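Heads up: the sequence shown at position 17 corresponds to 16 in numbering that gives the first Met the number 0, and the numbers run straight through without jumps.
Where is the CB? At the ideal position from N, CA and C, for every residue including glycine.
Since we're looking at a predicted model, the values are computed, not measured.
Notes for the one structure printed next.
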Amino acid sequence: MFTFVRRLGLTPRLVNSVYVSVDTNTAPPDAPCAPLPTDTTDPGLVQALKKAADGARLTATDAVRLHDSAPFQQLGVLAQAACARHVPGDAATYVVDRIISLTNVCTAGCRFCAFHVAPGAERAFALSRAEVVDTVKEAITAGATQILIQGGLNPDLDLAFYEALLREVKAQGDICVHSLSPAEIADLAAREGISVRDTLVRLQAAGLDSLPGGGAEILVDDVRQRVSPDKLDSDGWLNVMRTAQELGLRTTATMVYGLGETTAQRVEHLMKIRALQDQTGGFTAFIPWSFQPTHTAMPLEPQTGVDYLRMVALARLVLDNIDHVQAGWVTEGPDLAQLALFFGADDFGGVLMEELVVSAAGADYSVTRDDVVALITRTGLRPVQRTTQYEVIADA
């Protein structure tokens, strides 16, 4: 609790049932309980706050100071002003989509994943193409405009399988196929003995429209070696995204924080994404998620709501070349995602009709389209349904 209150930028004080201070190690009874003012003795923080207010590009040092030391509410105000510069107006967007978990078989064996099983495991499954197509038909009938097919690094599913699957999915109607993470693309390329570019060209010809940013976690190899040593390294992830964007595929970028990384490593992740966006302009949105430790091999302390809102705000301020920041209700819950719309996020993400991977780790939230519309409306913003590429479909 002491840590939680501190993260809010408040002064913790232990009291008894009649609110008399009983802990001499915390603040005295007359200590202020208002948010801590800016530390004017730290010229670096003052400068970082001014740069953020002016819309100037932040350095890595600026970003670390803001993450660790900026008053919580002030960081939110700065991020919301930055959001208004990128996305003027009173709209908050969402997309109607369906996640299809194609398989739980994965050779990567990431320590933070509670969903995967090894090849041949009793719980292993892999959907057939017919099963996927039936699900796509249901999603289109329900109004979905986007399909996200995700799985693992399954050695039984080759490139020809995915090509045939994508063609069948696209034949069902007007649906955007936003599918296959960089790790899956790189794994397919390696198993086929061809380049990442050639793999993407074939998938694009078969119907792949856009790549999700999954598998980024923290784009720092010291962290990746600890949590996912057998998966694509940071340069590999960035290379797949760069290649996809050069081929005209738009992509998203993500971060899973709370894996035991430092603030500097979180910032390094953001800087790598910003640098690639400077080169290609191919990222449509950034989505930060907190690590969900339940049922995983990494029993770390869960991140708090304040940690999440700080991360959203920092992403908005650092990623000055990416227009959209999504609120991650899948991991954080709909209420906290609602608050994120005041800390730099402009988008509520997908109205998911199915989600198995994150829920396996203990975050089991669900929302309907009506829920999302109500959550956005109650903030005073205007709910707008969008496409994968952030084109407006309709209000509410």
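Nearest Cα to A69 within the set A90, G43, A336, A55: G43. Runs of the alpha helix (DSSP H) lying entirely within the region 200-258 and spanning at least 4 residues, in chain order: 220-226, 233-245. Counting C-beta atoms within 10 angstroms of its own C-beta, Q224 has fewer than 16 neighbours from the protein chains shown and is therefore classed as exposed.
Here L147 is bridged, per DSSP, to I98. Cβ atoms of L77 and A107 stay farther apart than 8 Å, at about 37 Å.
Counting along the chain, the unbroken alpha helix (DSSP H) around F160 starts and ends at 158-169. Distance between G142 and L179, taken at the CA atoms: about 22 Å.
Taking a C-beta distance under 8 Å as the contact criterion, A314 and G75 do not qualify as a contact pair. Distances from the CA of V324 to each of G119, Y389, E267, D186 were compared; the closest alpha carbon is that of Y389. Between I375 and T144, the gap from beta carbon to beta carbon reaches 8 Å or more. Where V104 is concerned, there is no enclosing alpha helix (DSSP H), because DSSP gives it neither an H nor an E. Around the beta carbon of S127, a 10 Å sphere encloses fewer than 16 other beta carbons of the protein chains shown; the residue is thus reported as exposed.
The criterion of a C-beta distance shorter than 8 Å is satisfied by T102 and G150.
Boundaries of the beta strand (DSSP E) around G348: 346-351.
The shortest CA-to-CA distance from K169 to any of D345, I146, A326, H85 is the one to I146. A direct Cα-Cα distance of roughly 8 Å separates V135 from R97. Here DSSP, grouped into helix, strand and coil, assigns Q302 to coil. Within its own chain, the residues whose Cβ lies closer than 7 Å to the Cβ of I139, once the five positions on either side in sequence are excluded, are Q171, G172, I174, listed in chain order.
Inclusion of E162 and R196 in the CB contact set at 8 Å is not warranted, their separation being larger than that value. Assignment of T60 by DSSP, reduced to helix, strand and coil, places it in the helix class. For L316 against A81, the beta-carbon gap comes to about 6 Å, under 8 Å, which counts as contact.
Counted as a single uninterrupted DSSP element, the alpha helix (DSSP H) harbouring R190 occupies residues 181-191.
When DSSP states are grouped into helix, strand and coil, T376 belongs to the helix group.
It is roughly 43 Å from the alpha-carbon of R385 to the alpha-carbon of P11.
The beta-carbon separation of D277 and V86, rounded to 20 Å, does not stay under the 8 Å limit for a contact. Under the 10 Å beta carbon count, L207 is surrounded by 16 or more other beta carbons and is classified as buried. In the DSSP assignment, T92 is bridged to D346, V383. Burial state of P211 is buried, judged by a 10 Å Cβ sphere holding 16 or more other Cβ atoms.
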